[in-house]
Amino acid sequence: MLNPVNASARPTDMNQIPKWNEEHSHIVDYASAQAALADYLLQANYQGYRPDRRKVLAVRRGDRTVTLRNAGTPLRQEVYYLVEGELFPVEGTTRLSEGQTPVELAGELLGELYSQLCIWVAYDFTKGSLAGFRKSFDNPLIVEGSPYPNPLSVTRNRDIKEGINPQFFQPDPVPKYVPQEAFRPDLSLEEINEFIAEVVRKDFRNTLPEGSNPPIWDEPLVGIASAHDPLFKRFQDPEVVGPGHRLPEEWLPGAQSIISFFLPYSKEILFSYKKESRYSSLEYASGKWNGSKFLNVVRRALIRFVREQGGEGVAPNIDPRYDSDGMLPFWSERHTAFAAGVGTFGLHQGLITVKGVYGRLGSVITTLRLTPTERSYTDVYEYCLYAHDGSCYACIDRCPSRAITDAGKLPGMCTKHGNGEHFKEWEYGSCGHCSTFVPCSRRIPVRSKA
16 MLNPVNASAR
26 PTDMNQIPKW
36 NEEHSHIVDY
46 ASAQAALADY
56 LLQANYQGYR
66 PDRRKVLAVR
76 RGDRTVTLRN
86 AGTPLRQEVY
96 YLVEGELFPV
106 EGTTRLSEGQ
116 TPVELAGELL
126 GELYSQLCIW
136 VAYDFTKGSL
146 AGFRKSFDNP
156 LIVEGSPYPN
166 PLSVTRNRDI
176 KEGINPQFFQ
186 PDPVPKYVPQ
196 EAFRPDLSLE
206 EINEFIAEVV
216 RKDFRNTLPE
226 GSNPPIWDEP
236 LVGIASAHDP
246 LFKRFQDPEV
256 VGPGHRLPEE
266 WLPGAQSIIS
276 FFLPYSKEIL
286 FSYKKESRYS
296 SLEYASGKWN
306 GSKFLNVVRR
316 ALIRFVREQG
326 GEGVAPNIDP
336 RYDSDGMLPF
346 WSERHTAFAA
356 GVGTFGLHQG
366 LITVKGVYGR
376 LGSVITTLRL
386 TPTERSYTDV
396 YEYCLYAHDG
406 SCYACIDRCP
416 SRAITDAGKL
426 PGMCTKHGNG
436 EHFKEWEYGS
446 CGHCSTFVPC
456 SRRIPVRSKA
């Protein structure tokens, strides 16, 4: 749960999302977007209204121009948005009125859609959580965490186990969340899991643009947290995430639940990794970059899904209000997943789930009332063999930049692994050593019976 990150340096990137009131034209080229949309409207309304769910608007990273395409194998450095169902979820939106031209309707629709499209494109092309407000919250920050002056002053009621570095911070056990009252949920966990699984199985964007174009992600793992769980206040403590971590109701007034999902990497990406190499495989580096765009596909699909069920939804990590204090986020996917019963932390600070640590997390806050997933653990590091008895050093030994020690993960060291230079021509750079060839890669590691 400890988040030992000190990021005074604020990264810069050509794809940084601008302030909310800045001009968006360098994010998406307006003229080409209008022309591509008008072309779609012309085709969809030719000889009667026949909307085509194969059609996508494709945005190029380099010049941010937009073209109309059929959904197919993704190309490198492009993002895609389905016209029907995603850009325009309300059926019939793209129907021309009598006497209306495609260019006229394209102008009307884009007038309403353009800002939203720019937000989506900016997050899809941004490699990290970059500093600087995009859009302010309506209300001042609510801070309800414990008023600890600093992490080192926190009193812990348990002894350090033999074989574990005394400097490795292990918080006191976390209480299980018990709902205040029984209720009939608006949706079952099974319905939500099946919806996400269907997106993972069928959406063409879950495809690596290189090689034989294998899938990036495998079947999901889903958990539910209550928006009223006291843990979200605990996340504001300085030794957890920090006071800048916003509460669920700040993101969405009337918030009741949080849907957290974990997508494990596919076996094709897993087996592409070479144990002896200092660098990640190209498939992994690409999967991390292009897989991040697919996480946003799932987030947006979940928002539409909860709205279809009569609720509202917000995905903080693609919301224009999302930001970070250095590298301390306003919303942590890892901590949210911990609250939702998805998994516990490891020495490497990744989240270990029943499907392992080798994957990525996402979440959506909703006004729907959902049954919280029971947390089968109370220890923040319950699935970590090192935290259990000091028996596992695998992620320490695997880390090429020595970012992981037996006292925890060192802030800022991960970026020194050299992947960015190694894959410079591909414009990739992510390392996955600490989540590969370790006991927790694809499962909860088995503890020794001794």
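Counting in this note's numbering, the sequence shown runs from 16 upward without gaps. All C-beta atoms, glycine included, are put in the ideal place defined by N, C-alpha and C.
- For Arg314, the number of other beta carbons within 10 angstroms of its own is at least 16, and it is reported as buried.
- Around the Cβ of Asn434, a 10 Å sphere holds 16 or more other Cβ atoms; the residue is buried.
- Ranking Asn221, Phe276, Phe277, Thr451 by CA distance to the CA of Ser295 puts Thr451 first.
- Per DSSP, Phe210 is one residue of the alpha helix (DSSP H) stretching across 204–217.
- For Val81, the beta-bridge partners assigned by DSSP are Val74.
- For Leu223, same chain residues with a beta-carbon under 7 Å away, outside a window of 5 residues either side, are Pro229, Ile231, Glu298, Ser301, Gly302, Asn305 in chain order.
- By the beta-carbon neighbour count (other beta carbons within 10 angstroms, threshold 16), Asp244 is buried.
- For Ser130, the uninterrupted alpha helix (DSSP H) segment begins and ends at 117–140.
- Check the Cα spacing between Leu236 and each of Ile274, Thr109, Gly325, Leu52: the tightest is with Ile274.
- Restricting attention to Asp139, Asn85, Tyr45, the CA atom closest to the CA of Asn311 is found in Asp139.
- Residue environment analysis places Val321 among the buried positions, since at least 16 neighbouring C-beta atoms fall within 10 angstroms of its C-beta.
- For Pro279, DSSP records a beta bridge to Gly374.
- The criterion of a C-beta distance shorter than 8 Å is satisfied by Leu267 and Glu327.
- In the same chain as Cys399, and ignoring 5 residues on each side of it, the C-beta atoms closer than 6 Å to its own belong to Gly361, Leu362, in chain order.
- Judged by DSSP secondary structure, Ala240 falls within the beta strand (DSSP E) whose first and last residues are 236–241.
- Going by DSSP, Ile367 is part of the beta strand (DSSP E) stretching over 366–368.
- In the structure shown, Tyr45 falls within a helical segment according to DSSP collapsed to helix, strand and coil.
- Taking the CA atoms as reference points, Ser416 sits about 47 Å from Leu52.
- Non-local beta-carbon contacts of Val214 in its own chain, meaning distances under 6 Å to residues more than five positions away in sequence, involve Val313, Ala316 in chain order.
- Restricting attention to alpha helix (DSSP H) runs no shorter than 4 residues, the region 308–388 encloses them at 348–354, ordered along the chain.
- Spanning the alpha carbons of Lys150 and Asn332 requires a straight line of approximately 13 Å.
- By the Cβ criterion, the region 204–221 is not in contact with the region 240–257, since fewer than three pairs of Cβ atoms, one from each stretch, lie closer than 8 Å.
- Where Leu246 is concerned, the enclosing alpha helix (DSSP H) starts and stops at 246–249.
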